[in-house]
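Report on the following structure.
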Amino acid sequence: MAVYAIGDVQGCLDELRRLLDRLQFDPAVDRLWFAGDLVNRGPKSLETLRFIRGLGAAAISVLGNHDLHLLAISRYADRLKSRDTLLPILEAPDREALLDWLRGCPLVHHDAALGYCLVHAGLPPQWDLELALACSREVETVLRDDDRCRDFLAHMYGNQPDTWSADLSGHDRLRCIVNACTRLRFCTREGTMEFRHSGPPGNQPPGFLPWFEVPGRASHDLKLLFGHWASLGGTTDAPGVFALDSGCVWGRQLTALRLDTPTPQRISIDCPGTRRPG
């Protein structure tokens with residue numbers, strides 16, 4: 001059995017199929033881990049969501065910010081942006097089945113046997129594995145409850161609070177967890193998160209570091225997989241930290257990392273791209 005972690009697909013189903021052909025993926029025996037952002041910006045968000053859901057037990061995905069955005073606009077249409085490519089999902093006859101499946105996805109996935117932890121964006125420096133999984137479960141519980149999900153999605157957007165604290169409660173606590181897991185790139189040594197800068201390290205404000213470079217972060221002993229940050233080009237210099245988003249939707253590459261081998265193996269395909277940055 002081969003296990004592959006795949007970076008942000010963002011509705012690029014043709015490229016995903018080409019990558020799976022390259023991997024000789026067999027859903028009867030192999031497994032796929034998706035780093036979130038399955039949808040939006042690319043041309044086939046509906047078909048991508050149907051395809052990955054249709055893989056059943058052969059695939060798991062964590063939630064990305066675009067996936068959560070889809071859930072939000074499915075309840076609050078005024079959140080739809082002009083550049084979104086999500087209307088086909090909202091108008092599909094199977095929309096509720098697709099949205100329910102997405103609501104069942106976690107923010108953090110950990111496999112003890114393989115020793116890898118998967119999150120869309122990152123983990124605050126205060127979070128060890130136990131806390132990361134506990135925070136993920138808090139949000140999962142809310143998303144799977146119809147009334148609580150609708151209420152939270154109405155309050156999900158926003159950059160505050162920008163620092164994790166165990167004392168946070170209510171919507172502030174849930175928003176901080178979601179922002180950390182799906183939007184984090186830079187933070188301070190104390191864990192204050194910065195959400196405006198998406199370029200490569202070096203363009204961030206003074207005092208901020210890539211989250212995985214914070215000295216003494218509580219997750220330093222984990223093998224971490226993440227997407228979200230296309231400008232990293234799918235690589236980091238941090239030991240045990242593996243970037244997966246190599247910018248497929250921007251015309252770069254779609255990347256898979258094989259996890260069941262002694263040394264992880266990176267396989268990428270070139271992509272024509274469907275969107276321009278910005």
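The UniProt record's numbering numbers the first residue of the sequence shown as 1 and each following residue consecutively.
Ideal placement from N, C-alpha and C gives every residue a C-beta, glycine not left out.
Taking C-beta separations shorter than 6 Å and ignoring five residues to either side along the sequence, the partners of residue 80 in its chain run 73, following chain order.
Secondary structure note for residue 242: its beta strand (DSSP E) is the uninterrupted segment 241–243. Residue 62 and residue 206 have their C-alpha atoms roughly 31 Å apart. The Cβ atoms of residue 49 and residue 89 sit closer than 8 Å to each other.
Taking 8 Å as the cut-off, the Cβ atoms of residue 120 and residue 187 do not count as close.
Residue pairing of residue 224 in beta bridges, as defined by DSSP: 117, 241. Looking from the CA of residue 236, the closest CA among 185, 250, 261, 249 belongs to 185. Rounded to whole angstroms, the separation of the alpha carbons of residue 40 and residue 124 is 26 Å. Annotation: residue 28 to residue 54 spans about 13 Å, alpha carbon to alpha carbon.
Secondary structure at residue 194: strand, using DSSP grouped into helix, strand and coil. Residue environment for residue 87: exposed (fewer than 16 other C-beta atoms within 10 angstroms of its C-beta). Residue 56 places its beta carbon 8 Å or farther from that of residue 8. DSSP places residue 271 in the coil class of the three-state scheme, outside both helix and strand. Take residue 183, set aside five residues on each side of it, and the residues of its chain with a beta-carbon closer than 7 Å to its own are 65, 121, 195, in chain order. As DSSP reads the structure, residue 210 sits in a beta bridge with 186. Residue state for residue 31 is assigned as strand, using DSSP reduced to three classes. One thing to note: residue 31 has its Cβ no nearer than 8 Å to the Cβ of residue 269. Shown here, residue 137 sits in a helix according to DSSP, grouped into three states.
If you draw a 10 Å sphere on the C-beta of residue 144, you find fewer than 16 other C-beta atoms in it, and that means exposed.
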